[in-house]
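S.K.:
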Amino acid sequence: MLSQEKILNNLQNSSFYPHETNKDIQMIETHISWVFLTGSYVYKMKKSLKFGDILDFSTIEKRFQACKDELFYNKRLAPSIYLEIVQINDNLEFSTEGKPLEYLVKMKQLPQEDLLLNKVKNKEELSDVIFIKLAKIIAEFHKKNTIHPEFSLYENIFEKWDENFRTTKTYTDFPLDSDLETRVFDFLEKNRNFFNERSNQGKIVEGHGDLILANIFYFKGEVIIFDCIEFNEMLRIQDILEEVAFLSMDLDFHKLYDLSAFFMKEYLEGINSDFTSESPMINFYKSYRAYVRAKVYYSQVLQVEPGEARDKVVALSTKYMKLASSYDF
3 MLSQEKILNN
13 LQNSSFYPHE
23 TNKDIQMIET
33 HISWVFLTGS
43 YVYKMKKSLK
53 FGDILDFSTI
63 EKRFQACKDE
73 LFYNKRLAPS
83 IYLEIVQIND
93 NLEFSTEGKP
103 LEYLVKMKQL
113 PQEDLLLNKV
123 KNKEELSDVI
133 FIKLAKIIAE
143 FHKKNTIHPE
153 FSLYENIFEK
163 WDENFRTTKT
173 YTDFPLDSDL
183 ETRVFDFLEK
193 NRNFFNERSN
203 QGKIVEGHGD
213 LILANIFYFK
223 GEVIIFDCIE
233 FNEMLRIQDI
243 LEEVAFLSMD
253 LDFHKLYDLS
263 AFFMKEYLEG
273 INSDFTSESP
283 MINFYKSYRA
293 YVRAKVYYSQ
303 VLQVEPGEAR
313 DKVVALSTKY
323 MKLASSYDF
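For what it's worth, the numbering used here labels the leading residue of the sequence shown as 3, then goes sequentially.
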């Protein structure tokens, strides 16, 4: 970790980079990485950590493999953005010579105001054209990435929901909804055969895994989907309806209900599906994705000191929990 701290200090200094940069380097920290916006390029460094069986970046070799995976899986949807893996050596230089201290993913930087989430925050109106293009891209992407039918969708989604409920029951004061838990397992049992038929019908894909507004640019008339989940295959493998339900839920969360329904309609028509945006199966997946967001936000509560910041996290978690409970299935 000491070497990562040294590198972090250097990456925040514009003179460290082998190209022209903005005077001030913007650093964005997530739970698993640091991202540096330099003006022309973005550099992403993975944290040295391990989260159970979900993620393992604990050694430089594993972080190097994760960088290769990130490049590979993201080039499926954003080939113009993901450029290469760069190495920082033991002389604290960008160089392939010498002993590697760290590997980073280098990307083309796009204007942050063109991120869909930022457009929403800035009260910009999102046109139907964006979601027509987006639905078409995802439909074509899914057609190319179906996986073997031996995958048991019923067991997969049962285990994911079960883990959600088991985990949140350990959270003090988490806004649990016992009625939702009952509804979920009743729905799963009633539709067991249907879930497993989805596998046989080629409806399971190795998809993006994190399809939300924060991971989509609309740049010069082009939709660019980036930052897919590279660190865990099972978080990418899912029903195609779950993948698009995530984005639809995200639009609902931001009270963009008409766009949510419009996007879903465009996607479903693009794959010639008989489902509608209000189908119980889609609402079931929306509820699942909202519950996961509630769980993730609440997991941060104990990491934040009491006060305004913690209150904000609790409020977000509660809002997602209410959304999860609101879907009818």
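For each residue, glycine too, the CB sits at the ideal point set by N, CA and C. From a predicted model like this one, the values you see are computed outputs, not experimental measurements.
For Lys222, count the other beta carbons within 10 Å of its own beta carbon; 16 or more makes it buried, fewer makes it exposed. Which is it?
M.R.: For this step, residue 222 is matched to residue 220 along the sequence shown. The residue in question, Lys222, is exposed, as its Cβ has fewer than 16 Cβ neighbours within 10 Å.
S.K.: Figure out for me which residue from Asn15, Tyr290, Glu104 has the closest Cα to the Cα of Lys162.
M.R.: Your numbering for residue 162 matches position 160 in the sequence shown. Ranking the options by Cα distance to Lys162, first place goes to Tyr290.
S.K.: Check whether the Cβ atoms of Asn91 and Leu103 lie closer than 9 angstroms to each other.
M.R.: Translated into the one-based positions of the sequence shown, residue 91 becomes position 89. Translated into the one-based positions of the sequence shown, residue 103 becomes position 101. Against a cut-off of 9 angstroms, the Cβ pair of Leu103 and Asn91 comes out as a contact.
S.K.: DSSP three-state label for Ile206, please.
M.R.: The residue you call residue 206 lines up with position 204 of the sequence shown. Here Ile206 sits in strand by DSSP.
S.K.: Counting only runs of 4+ residues fully inside the region 11-50, write out the alpha helix (DSSP H) ranges in chain order.
M.R.: The qualifying runs do not exist here; there are none.
S.K.: How many whole angstroms separate the CB atoms of Ile226 and Ile83, which I take to be in contact at a CB cut-off of 8 angstroms?
M.R.: As a working note, residue 226 is residue 224 in the sequence shown. As a working note, residue 83 is residue 81 in the sequence shown. Their Cβ separation, rounded to whole angstroms, is 6 angstroms, which keeps Ile226 and Ile83 in contact under 8 angstroms.
S.K.: Take every Cβ of the region 160-179, pair it with every Cβ of the region 289-307, and state whether three or more of those distances are shorter than 8 angstroms.
M.R.: Yes, since at least three Cβ pairs between the region 160-179 and the region 289-307 fall closer than 8 angstroms, the two stretches touch.
S.K.: DSSP on Val306, reduced to helix/strand/coil?
M.R.: As a working note, residue 306 is residue 304 in the sequence shown. It is coil, neither helix nor strand.
S.K.: Ignore the nearest five residues each way along the sequence and tell me which others in Phe66's own chain have a CB closer than 7 angstroms to its CB.
M.R.: Counted from its first residue, the sequence shown places residue 66 at position 64. Excluding positions up to five away in sequence, the list reads Tyr105.
S.K.: Ignore the nearest five residues each way along the sequence and tell me which others in Leu94's own chain have a CB closer than 6 angstroms to its CB.
M.R.: For the purposes of this step, residue 94 is taken as the residue at position 92 of the sequence shown. If we look at Leu94 and ignore the five residues flanking it on each side, its Cβ neighbours are Asn12.
S.K.: Output the distance between the C-alpha atoms of Ile206 and Leu304, rounded to the nearest integer angstrom.
M.R.: Here residue 206 refers to the residue found at position 204 of the sequence shown. Here residue 304 refers to the residue found at position 302 of the sequence shown. Cα to Cα, Ile206 sits roughly 36 angstroms from Leu304.
S.K.: Which of helix, strand or coil does DSSP assign to Leu213?
M.R.: Numbered from its first residue, the sequence shown carries residue 213 at position 211. Three-state DSSP puts Leu213 in coil, outside helix and strand.
S.K.: Could you check the C-alpha separation between Thr23 and Lys257 for me, to the nearest Å?
M.R.: Looking up residue 23 in the sequence shown gives position 21. Looking up residue 257 in the sequence shown gives position 255. Whole-angstrom Cα-Cα distance: 37 angstroms.
S.K.: Determine the DSSP secondary structure at Pro102, reduced to helix, strand or coil.
M.R.: Taking the sequence shown and counting its residues from 1, one reaches residue 102 at position 100. Three-state DSSP puts Pro102 in a strand.
S.K.: In terms of residue numbering, what span does the alpha helix (DSSP H) encompassing Asn120 cover?
M.R.: Residue mapping note: residue 120 aligns to position 118 of the sequence shown, counting from 1. That run of the alpha helix (DSSP H) goes 118-123.
S.K.: If you draw a straight line from the C-alpha of Lys171 to the C-alpha of Ser42, how long is it?
M.R.: Translated into the one-based positions of the sequence shown, residue 171 becomes position 169. Translated into the one-based positions of the sequence shown, residue 42 becomes position 40. Taking the straight line joining both Cα atoms gives about 45 angstroms.
S.K.: On the DSSP letters alone, give me the boundaries of the beta strand (DSSP E) that Gln111 sits inside.
M.R.: Along the sequence shown, read from residue 1 onward, the residue named residue 111 stands at position 109. Counting along the chain, Gln111 falls outside any beta strand (DSSP E), and DSSP gives it neither H nor E.
S.K.: Taking only the alpha-carbon atoms, compute the straight-line gap between Lys52 and Glu63 and give it to the nearest angstrom.
M.R.: Sequence index remark: in the sequence shown, residue 52 carries index 50 (1-based). Sequence index remark: in the sequence shown, residue 63 carries index 61 (1-based). Straight-line Cα distance between these residues: approximately 13 angstroms.
S.K.: Of the choices Lys121, Ile87, Met47, whose alpha-carbon is the least far from that of Phe219?
M.R.: Counting from 1 along the sequence shown, the entry for residue 219 is found at position 217. For Phe219, the nearest C-alpha among the options comes from Lys121.
S.K.: Leaving out five residues on either side along the sequence, give the residues of the same chain with a beta carbon under 7 angstroms from the beta carbon of Phe153.
M.R.: On the sequence shown, position 151 is the one that residue 153 refers to. Ser201, Ile206, Ile239, listed in sequence order.
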